[in-house]
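First residue of the sequence shown: 32, per my numbering; consecutive thereafter. Input: a single structure, listed below in structure tokens.
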Amino acid sequence: MNNTTQNDMNNASQTTSDDLGDVERKIFLAFYSTVLVLTVLGNTLVCVAIYVDLRLRSPTNWFIASLAVSDLFYGLAGLPFRIASMLRVMPNTAVCSLWVWIDMICAAASMANLAVISVDRYLKITKPFAYHRNMTKRRSFGAIGGVWIYAATLASLSIIRWPGAGGVYVDPVTGMCPNDNKVFYTVANIVAFLVPLIVLCVNYSMILRTAWIQFKKMQHSIVNTSSKEDKRKQKSVTRDFKATKTLAIVLLTFTICWAPFFIMFTIHQYDPLYLAGLPQDLGNGIVDTFYYVLPNINSACNPVIYAYFNSDFRRVFKRLMFSACDKDLRNYRSRTKRKSSLTSFFQSTFVRRGSPPTPRDDGNHNYNHIHSPSNNHDEKASFINGDTVITEV
């Protein structure tokens with residue numbers, strides 16, 4: 032989504048793609064390339080971890096996988112457009128529309144996935160028995176399907192030229208892809224960002240409060256009893272509390288990365304020159320930080336958060352990495368062993384001439400011209416000339 036306004040924001044702060052110096056352009060290219068690699072590798076690792084580990088196959092983690100897919104999609108499809116825009120002018124409106132659509136579907140899917148995750152956590156913490164009975168795999172997949180249908184619909188609406196709007200076009204000066212859809216984007220920001228953000232904040236406030244109360248109660252009960260059932264419940268509550276804390280950090284990171292952009296984006300729709308009164312360096316810094324840097328690094332942050340704060344994901348990540356290293360080591364040892372065996376075979380089979388025939392020799396070899404060890408034949412010349420015989424080993 033942020034590509035649709037970067038051109039206008041740059042005009043407001045007196046910077047354009049053509050005005051970027053070579054050094055700054057190289058810095059951004061290196062930044063985008065690094066973020067792309069981290070985003071793809073990190074979110075692929077999250078998806079693989081959930082797929083291979085049975086203990087991670089829960090409704091909450093299916094929703095996390097959907098969030099990882101949206102981030103992975105942005106890394107594979109959205110960031111390459113951004114890198115290409117730094118190198119050349121967008122060729123036509125169709126390419127611009129595709130870029131706008133990809134940005135929109137990734138942002139909408141991420142926000143919707145976070146909202147679904149917050150509802151899932153709220154139900155699991157506040158109504159655990161009803162949750163395990165009602166939140167089946169089929170229903171969780173249905174919710175994920177609904178998220179992506181909603182995101183695709185919103186993205187498709189974003190590239191329609193509504194009455195009174197200019198729609199998507201290629202700016203001939205900067206080569207960027209503005210989208211003149213003020214009314215639509217105002218409504219979309221409220222529906223796709225502001226309302227879900229309020230729901231998320233309310234949900235997680237209630238979740239953290241409930242989880243903390245349950246955690247304290249369980250700690251107090253464990254002091255007075257040592258039954259296995261109570262200890263099992265304590266572990267379950269502790270695990271849910273830690274998982275909720277991890278997802279709250281994901282929400283906080285998403286809000287920090289995207290909230291300034293959406294606020295500035297909405298203001299810009301009605302006052303494109305609202306940064307014009309600021310010093311140029313300050314305006315450039317604000318645009319670079321909130322339009323180029325923060326929204327793009329968000330997709331690479333979630334795998335780091337899971338690896339650092341969630342012990343289950345951390346365990347599977349370590350196992351996957353160690354398995355990959357061990358596989359490489361086994362392949363290397365296997366190749367070395369095959370090479371050593373082949374070398375030993377030829378060393379034991381092909382011997383230089385002068386070796387005595389074995390007792391099992393059938394006499395067909397012509398040994399009349401074989402020099403005995405006492406002959407003054409040059410060993411080096413004999414070897415070079417290929418004077419060898421094949422013997423049984």
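Where a beta carbon is used, it is the ideal one built from N, C-alpha and C, also for glycine.
Item	Value
Give the range of the alpha helix (DSSP H) segment to which Val-218 is assigned.	213-220
By Cβ distance below 7 Å, which residues in the same chain neighbour Phe-377 in space, the five residues on each side in sequence not counted?	Residue confidence is low: Phe-377 scores 45 on pLDDT, short of 50, so the model does not pin down where it sits. No coordinate-derived value is stated.
Helix, strand or coil for Val-204, going by three-state DSSP, please let me know.	coil
List, from N- to C-terminal side, the beta strand (DSSP E) runs of 3 residues or more that fit wholly inside the region 87-148.	none
May I ask you to report which of helix, strand or coil DSSP gives Asn-210?	strand
Kindly list the residues whose CB is nearer than 8 Å to the CB of Gly-198, restricted to its own chain and excluding five residues on each side of it in sequence; keep chain order.	Ile-190, Ile-191, Arg-192, Asn-210, Asp-211, Asn-212
Should Asn-333 and Ala-61 be called a contact, given that it needs their Cβ atoms to be closer than 8 Å?	no
Let me know if Ala-96 comes out buried or exposed under the rule of 16 or more other beta-carbons within 10 Å of its beta-carbon.	buried
State the CB to CB distance for the pair Trp-132 and Ala-186, rounded to an integer number of angstroms; the pair is presumed to be in contact (CB under 8 Å).	5 Å
By how many angstroms is the C-alpha of Tyr-322 removed from the C-alpha of Cys-137?	16 Å
How big is the Cα-Cα spacing for Gly-308 and Lys-349?	51 Å
So for Gly-314, helix, strand or coil by DSSP?	helix
Whose C-alpha, out of Asp-134, His-299, Thr-277, Leu-118, is nearest the C-alpha of Glu-55?	Leu-118
Taking the straight line between their C-alpha atoms, what separation do you get for Ser-89 and Phe-292?	33 Å
Using the beta-carbon count (16 or more within 10 Å), is Phe-172 buried or exposed?	exposed
Using alpha carbons as the reference points, say which of Ile-298, Asp-134, Met-142, Phe-272 lies closest to Met-237.	Phe-272
Answer yes or no: the CB of Gln-245 versus the heavy atoms of the ligand HEM, is any distance below 7 Å?	Only the bare structure without any ligand can be found here, which leaves the ligand HEM out of the picture.
Which residue's Cα is closest to the Cα of Val-230: Thr-297, Leu-282, Leu-188, Trp-179?	Leu-282
Suppose contacts are defined by Cβ-Cβ distances below 8 Å. Is Gly-106 in contact with Asn-74 by that definition?	yes
Compute the Euclidean distance between the alpha carbons of Asp-343 and Ser-116, then round it to the nearest angstrom.	39 Å
Can you tell me the Cα-Cα spacing of Leu-155 and Gly-316, whole angstroms?	It should be pointed out that residue 155 corresponds to Lys in this sequence rather than to Leu. Straight-line Cα distance between these residues: approximately 42 Å.
Per DSSP, Gly-198 is paired with what?	Asp-211
If you follow the alpha helix (DSSP H) that Leu-67 is part of, which residue opens it and which one closes it?	53-83
Just verifying my parser: in three-state terms, what is the DSSP assignment at Asp-319?	helix
Using C-beta distances below 6 Å, list every residue in its chain close to Ile-81, excluding the 5 sequence neighbours before and after it, in chain order.	Leu-87, Asn-92, Ala-96
Taking 8 Å as the limit between beta carbons, can you name the residues of its chain near Thr-217, skipping five residues before and five after?	Thr-297, Gln-300
Between Tyr-235 and Ser-149, which are expected to be in contact by the criterion C-beta below 8 Å, what is the C-beta distance as a whole number of angstroms?	6 Å
For Trp-243 and Thr-284, what's the separation of their Cα atoms in angstroms?	22 Å
Using a 10 Å radius around the Cβ and a threshold of 16 neighbouring Cβ atoms, would you call Asn-123 buried or exposed?	exposed
Any idea what DSSP makes of Lys-168, helix, strand or coil?	helix
For Pro-203, which of Pro-159, Arg-152, Met-121 has the nearest alpha-carbon?	Met-121
For a quick check, are the C-beta atoms of Cys-22 and Asn-329 less than 8 Å apart?	The displayed coordinates of the chain run from 32 to 424. Any statement about residue 22 would go beyond what the structure contains.
Need the endpoints of the alpha helix (DSSP H) that Phe-340 sits in, please.	325-340
Leaving out five residues before and five after Ile-58 in sequence, what residues of the same chain have Cβ atoms less than 7 Å from its Cβ?	none
Look up Arg-240 in the DSSP assignment and say whether it is helix, strand or coil.	helix
Exposed or buried, Ser-354, counting other C-beta atoms within 10 Å across all chains shown (16 or more means buried)?	exposed
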